[in-house]
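Student: These protein sequence lines are chains E and C, in that order.
My numbering numbers the first residue of the first sequence as 1 and each following residue consecutively.
My numbering numbers the first residue of the second sequence as 1 and each following residue consecutively.
For each residue, glycine too, the CB sits at the ideal point set by N, CA and C.
What follows is a structure written as structure tokens; I'll ask about it next.
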Amino acid sequence: MTVAAPSIPRNVRSSHPSRSRAPHPAFYLVLIVLFAFALGPIVIFVFDSLKSQSQLAADPLGLPLHPQWHNFSDAWSQAAMGAGFVNSAVIVVGTMVGVCVIAGSGAYAMSRLDLPGSGGVMAYLLVSSSLPIQLFLVPLFFLWTRLGLYDTLFGLIIIYWAIFSPFATLLLRSFMISIPHDYDDAARIDGAGEWAVLFRIVLPIAWPGFLTVALVSALSAYNEFLLAVTFIQTNGKMPISTTFFAFQQGFTQNYALISAAGVIMLAPMVILFLLLQRRFVDGITAAGLGG
Amino acid sequence: MAFPGGASATVEPPATAPARSDRRQGSKKGGSRRGLIAWLFMLPLIVVNLLVIAGPGVLSVYYSFTDWSGIGGSHFIGIANYRKMFTDSAFGDAFLHNVWWTLFFLIVPMGMGLFGAYLLSRLRRFVTLFRVIYFVPYIVASVVSASIWQSLLSPEHGIGKFLGVNFLGNSSTALPSVAVVNTWSWWGFLVIVFLAAMQGVNPSLYEASGLDGANSWQQFWHVTLPSIRPTLMFLGLMTIIWSFLVFDYIYILTQGGPAGATEVLSTLQYRDAFENQQAGYAAAIGVVLALISGVVVASYQILRRRRDWDI
Chain E
1 MTVAAPSIPR NVRSSHPSRS RAPHPAFYLV LIVLFAFALG PIVIFVFDSL
51 KSQSQLAADP LGLPLHPQWH NFSDAWSQAA MGAGFVNSAV IVVGTMVGVC
101 VIAGSGAYAM SRLDLPGSGG VMAYLLVSSS LPIQLFLVPL FFLWTRLGLY
151 DTLFGLIIIY WAIFSPFATL LLRSFMISIP HDYDDAARID GAGEWAVLFR
201 IVLPIAWPGF LTVALVSALS AYNEFLLAVT FIQTNGKMPI STTFFAFQQG
251 FTQNYALISA AGVIMLAPMV ILFLLLQRRF VDGITAAGLG G
Chain C
1 MAFPGGASAT VEPPATAPAR SDRRQGSKKG GSRRGLIAWL FMLPLIVVNL
51 LVIAGPGVLS VYYSFTDWSG IGGSHFIGIA NYRKMFTDSA FGDAFLHNVW
101 WTLFFLIVPM GMGLFGAYLL SRLRRFVTLF RVIYFVPYIV ASVVSASIWQ
151 SLLSPEHGIG KFLGVNFLGN SSTALPSVAV VNTWSWWGFL VIVFLAAMQG
201 VNPSLYEASG LDGANSWQQF WHVTLPSIRP TLMFLGLMTI IWSFLVFDYI
251 YILTQGGPAG ATEVLSTLQY RDAFENQQAG YAAAIGVVLA LISGVVVASY
301 QILRRRRDWD I
């Protein structure tokens, strides 16, 4: 498939000399301790979500012997999670589609249309993708207030478009650049226009890149906190992350219900991750390394 | 420098992406009309970028020289905001907490990530299983992982009860506790990246060192670490940047408290901008944070050009 950088041959690992002899048992012990460190807190959290308040206080780390399934429905209604999920769905889909369109057309211009001054644009994208949110947060807040975009889902989506696009553009560009120019030259000779070249040749070949971009922006938009808590004020407009935060802050110290709400928020992304883990891991590491 | 992720597509980190040239002289027949079309395709990206990032970024620099409160007008006051930082003990404390945080993240999560990746690189089976499980905390939203640990550390029913320590409520334990929570969600990412780098190390180096009688530790120190130095350097410098921008976990878990014990520059900025009506000063803090990451990025670029550093 389209590869931007040389990938490491799969057989490299099997020829590692240490693979020929069995590792020391302590080796596995440490791996399992780290395993428990990663997963243990989540498992305890899930257990907590099934306990009653009194059981949680009496036996915080134990098994939920009498699972309180109603905790989930209680948390769902008391934290108004339904509205939170609807808002998050709007934000995630809006962000995903917008980033794919904005970054896709930008990458297309940079890789296939001989954009004049593309070196400068490239440098600009690199710089702007490494600027911290803290630099533009304060004026952006007051600008959004003035433009009527503050406390609107659309306003938050635009911000996500802007901050996720530079990386997505650079990633998609590296996908599109590796498509041989002979393909579209041949198509043009056969009479294909710009749109036909874009939709019939470039997009089908670059789609794994789009899938990665869509997954990374969906996860980032779903989990994002700083901008969501700054730019959405009204309870009914909050995405699930700040709905959960408000519930946790405002509610009593009922950890069982808070845990139940947390498990509900966690579930969709963990399931999606386990289904598509390889693409997730690749996308997130690339995005993380891109800043 | 490449970070092979493992699947079909491998992406160069954008920091090194411009190396490849995509200009093709042959296909330039359309001339300026094609250039115009290309710019039209760029337009959405440029418009949102100017509106959200570049425009407000420039405004931040301007407001950092004013006494703007956030509402109404502002007066130009020169470098007074920047001068204030030197006498403002809240700023000084927050800055020191960021420095402490940076050192912690350069040592603990980096060490754990290296260690975990090294163990996985020598594993024959279950590599994928461990890789996935180590990575799970990274995809948990910060609000949820904060909640997981708030409950675990709670002095009423968590580990805190057994140990008799109010981890998040005590000013001497609060910052390390938040750092541990953030480490939990972060180190799996480092494992994945270090593992990818280690899998790219030339196996003949291990063979040669093995023949010379090197033990596992010597191989790790003299073969693995030098071979992944580009990744090590890159993540080290990124850790410095990310440590100075940390916000989520501190804001969610302690809001900077107790008594400022966990205040960092970004939570201080947040408070000044949205609670204390000191938007000008907050803008100046934002400019300082951008300068810090700019200096780190610039030094990374300079180091990359020096052959002997090999990054």
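Can you give me the C-alpha to C-alpha distance between Thr128 of chain C and Thr285 of chain E, rounded to a whole angstrom?
Tutor: 16 angstroms
Student: With distance defined between alpha-carbon atoms, name the residue in C:Asp88, C:Ser185 and C:Met42 nearest to Ala141 of chain C.
Tutor: Of the candidates C:Asp88, C:Ser185 and C:Met42, the one whose C-alpha sits nearest the C-alpha of Ala141 of chain C is C:Ser185.
Student: In whole angstroms, what separates the C-alpha of Thr242 of chain E from that of Leu225 of chain C?
Tutor: 41 angstroms
Student: Going by DSSP, which residues form a beta bridge with Thr231 of chain C?
Tutor: Looking at the DSSP assignment, Thr231 of chain C forms no beta bridge with any residue, so it has no partner.
Student: Check the DSSP bridge columns for Phe91 of chain C and list the partner residues they point to.
Tutor: Paired residue(s): none; Phe91 of chain C is not in a bridge.
Student: For Val270 of chain E, return the contacting residues in chain C, with the cut-off set at a CB-CB distance below 9 angstroms.
Tutor: Val136, Ile139 and Val140
Student: Between Trp161 of chain E and chain C, is any beta-carbon pair separated by less than 8 angstroms?
Tutor: yes
Student: Looking at Met198 of chain C and Ser121 of chain C, is the spacing between their C-beta atoms short of 8 angstroms?
Tutor: yes
Student: Excluding the 5 residues preceding and the 5 following Gly160 of chain C in the sequence, name in chain order all residues of the same chain whose CB lies nearer than 7 angstroms to its CB.
Tutor: Leu153, Ser154, Asn166 and Phe167
Student: Under 8 angstroms, do Ala95 of chain E and Ile44 of chain E count as touching if we go by C-beta distance?
Tutor: Correcting the residue type first, residue 95 of chain E is Thr in the shown sequence and not Ala. Not a contact, by the Cβ cut-off of 8 angstroms.
Student: May I have the straight-line CA-CA distance separating Leu227 of chain E from Ala38 of chain C, to the nearest angstrom?
Tutor: 32 angstroms
Student: Between Ser64 of chain C and Phe247 of chain C, what straight-line distance do the alpha-carbon atoms span, to the nearest angstrom?
Tutor: 21 angstroms
Student: Flag Tyr150 of chain E as yes if its beta-carbon sits less than 8 angstroms from any beta-carbon of chain C, otherwise no.
Tutor: no
Student: Provide the residue span of the alpha helix (DSSP H) that contains Ala54 of chain C, from first to last.
Tutor: Neither: Ala54 of chain C is in no alpha helix (DSSP H) and is coded neither H nor E.
Student: To the nearest whole angstrom, what separates the beta carbons of Ala146 of chain C and Tyr249 of chain C, a pair I think is in contact under 8 angstroms?
Tutor: About 6 angstroms; that satisfies the 8 angstroms criterion.
Student: Please give me, in chain order, every unbroken run of the alpha helix (DSSP H) with length at least 4 that falls completely inside the stretch 178-249 of chain C.
Tutor: 203-211, 216-219 and 229-245
Student: Let me check one thing: in DSSP terms, what residues is Phe76 of chain C bridge-paired to?
Tutor: C:Thr66
Student: Name, please, each residue of chain C whose Cβ falls closer than 7 angstroms to the Cβ of Ser130 of chain E.
Tutor: Ser293 and Val297
Student: Considering only the alpha carbon of each residue, which of C:Ser266, C:Arg306, C:Leu303 and C:Leu106 lies closest to Phe136 of chain E?
Tutor: C:Ser266
Student: Using the Cα positions of Gln277 of chain E and Val213 of chain E, report the straight-line distance between them to the nearest angstrom.
Tutor: 14 angstroms
Student: Check distances from the C-beta atoms of the stretch 207-237 of chain E to those of chain C and list, in chain order, the residues that come in under 9 angstroms.
Tutor: Pro208, Gly209, Thr212, Leu219, Tyr222, Asn223, Glu224, Phe225, Leu226, Val229 and Thr230
Student: Report, in whole angstroms, the separation of the C-beta atoms of Ile133 of chain C and Phe35 of chain E, which I expect to be a contact under 8 angstroms.
Tutor: 6 angstroms
Student: Report the rounded CA-to-CA distance for Ala208 of chain C versus Leu275 of chain E, giving the unit in angstroms.
Tutor: 40 angstroms
Student: Express the C-alpha separation of Met110 of chain C and Gly26 of chain C in angstroms, rounding to a whole number.
Tutor: Summary for Gly26 of chain C: the model assigns pLDDT 42, below 50, so the residue's position carries little reliability; its value from the coordinates is reported in the next sentence. Spanning the two alpha carbons is a distance of roughly 48 angstroms.
Student: Please compile the residues from chain E whose C-beta is within a distance smaller than 8 angstroms of the C-beta of Tyr63 of chain C.
Tutor: Val138 and Pro139
Student: Would Ala260 of chain E count as contacting chain C if we go by Cβ distances under 8 angstroms?
Tutor: no
Student: If Leu289 of chain C sits next to Pro132 of chain E, beta carbons under 8 angstroms apart, how far is it from one beta carbon to the other, in whole angstroms?
Tutor: 5 angstroms
Student: Could one say the Cβ of Arg33 of chain C lies closer than 8 angstroms to chain E's Cβ atoms, at least one of them?
Tutor: no
Student: Are the C-beta atoms of Val178 of chain C and some chain E residue less than 8 angstroms apart?
Tutor: no
Student: Tell me, please, whether the CB atom of Ile157 of chain E is closer than 8 angstroms to any CB atom in chain C?
Tutor: no
Student: Which whole-angstrom value is the C-beta distance of Val30 of chain E and Leu119 of chain C, which I expect to be below 8 angstroms?
Tutor: 6 angstroms
Student: If you compare alpha carbons, which of C:Tyr206, C:Leu103, C:Ile285 and C:Leu43 is closest to Thr183 of chain C?
Tutor: C:Leu103
Student: Compare the C-beta of Ile107 of chain C with all C-beta atoms of chain E and state if any pair is closer than 8 angstroms.
Tutor: No, its Cβ sits nowhere closer than 8 angstroms to a Cβ of chain E.
Student: Alpha carbon to alpha carbon, how far is Leu126 of chain E from Leu170 of chain E? Give it in angstroms, no decimals.
Tutor: When rounded, the distance between both Cα atoms is 9 angstroms.
Student: For a test of the three-state rule: what should DSSP assign to Phe135 of chain C, helix, strand or coil?
Tutor: Of the three classes helix, strand and coil, the one that applies to Phe135 of chain C here is helix, per DSSP.
Student: Touching or not, the stretch 229-238 of chain E and the stretch 202-211 of chain E, by the rule of three or more beta carbon pairs under 8 angstroms?
Tutor: no
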